[in-house]
Each structure stands twice: as C-alpha cells, then as structure tokens.
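Numbering (my numbering), first residue to last: 1118 to 1271.
In this text, a Cβ means the ideal position worked out from N, Cα and C, and glycines have one as well.
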Amino acid sequence: MSGDLRRVRGIADYQFGRGCGQALFPEGVTFTHSERTGRIRHIYLDQTLLASIRPNDGLITLTIAGAERISPLLKALGLYVKVGDEAADFISMGRSVFAKHVLEAGDRIRPGDEVIVVDGGGSILAVGTALLSGDEMPSFKAGVAVKVRRGRGE
C-alpha cells in the first residue's frame, strides 16, 4: 500500500469513522497532487472523482460517487440528513437544505461536518457541510441546516 493511500484512508477513518477509509478508497485509486506544495488534492477511481482534500484543514470533501461508496457506513455512523420528499428535487439540484425540511439527522453531526443528504427512501440527493448540529436540525423551523456542495441532479 502506498503512502498516499495509507494517508487518505487514515483521514477518512478519522473524519467519518473506522472502516470508512478502506470502503471509500480501494486499491487502485489514483491521486493528483498540488504542483506548488506536493500535497494530495484529488482522489480518483477509474477516472471518477471520489473526493478532494481541503487545503485549509486537510479533511475530505466527498463527491456523489464517493458518498455512494460509503453511504451505508455513514448512515450507521450517524452522518446523514434525511429530508422530506417535498424538498428533494430542489436539494438534488444543489440547493441548500433548510431546517424545516429535515425529518431526521444523525446525532453525531456537528457544525462543519461533511454529511450526505438522503430522501425518505434512503437515496442520496446531495453532499455538503452541516451548519447545525444533528440535534438542532429537526428542531429548528428556520435557517439553513446543510450547505450543499454538490447535488445528484447537477
């Protein structure tokens, strides 16, 4: 196993929970590095972008393809937000998730965490950053709960 693979698996295990690194990044992933700093920037599997590494804190941002690889684990670990079907179309187009549309949220979510947004049936709609804790999301009736970075329909 290469040093880059070991590093990104370790980051994923730290950020999302034990076992996520191996599920997200199998053998055979490729990396692009920053020309200036030499740090890992993007992780691909078969020409499909799975994730990027944020330069400011070194944590992972998922794509829809990456979220699909670890969605069962994230749901089990409580890093998901379930929304009502009335907002699903807007969210899948990349719009933010408002607290009034949140039906359920994982109890481990803290503001700033990477989360997946799912509909009532469990299908992935989007990935983004939580702005509220998992406890606050269903109880608030106004405000943005998740800033969506990428929706499935984009």
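Remark: C-beta atoms of V1261 and L1248 approach each other more closely than 8 Å. Annotated as proximal: V1265 and R1212, with beta-carbon spacing under 8 Å.
Nearest Cα to L1122 within the set Q1139, R1135, F1133 and Y1131: Q1139. Around the beta carbon of R1135, fewer than 16 other beta carbons sit within 10 angstroms, so the residue counts as exposed. Note that the segment 1217–1232 touches the segment 1192–1201; at least 3 beta-carbon pairs, one per stretch, sit closer than 8 Å. The alpha carbon of R1171 has as its nearest neighbour, out of A1182, H1159 and I1241, the alpha carbon of H1159. P1143 sits close to L1162, with the two beta carbons spaced by under 8 Å.
If you draw a straight line from the Cα of R1267 to the Cα of V1244, it comes to about 6 Å. DSSP places K1192 in the uninterrupted alpha helix (DSSP H) bounded by I1181 to L1194.
In the three-state reduction of the DSSP assignment, R1212 falls in the coil class. The Cβ-Cβ distance between A1205 and F1257 does not fall below 8 Å. Scanning the segment 1212–1256 for uninterrupted beta strand (DSSP E) segments of 3 residues or longer gives 1219–1222, 1231–1235 and 1241–1247, listed from N- to C-terminal end.
Beyond the five residues adjoining it in sequence on each side, T1147 comes within less than 6 Å, by CB distance, of Y1161 in the same chain, given in chain order.
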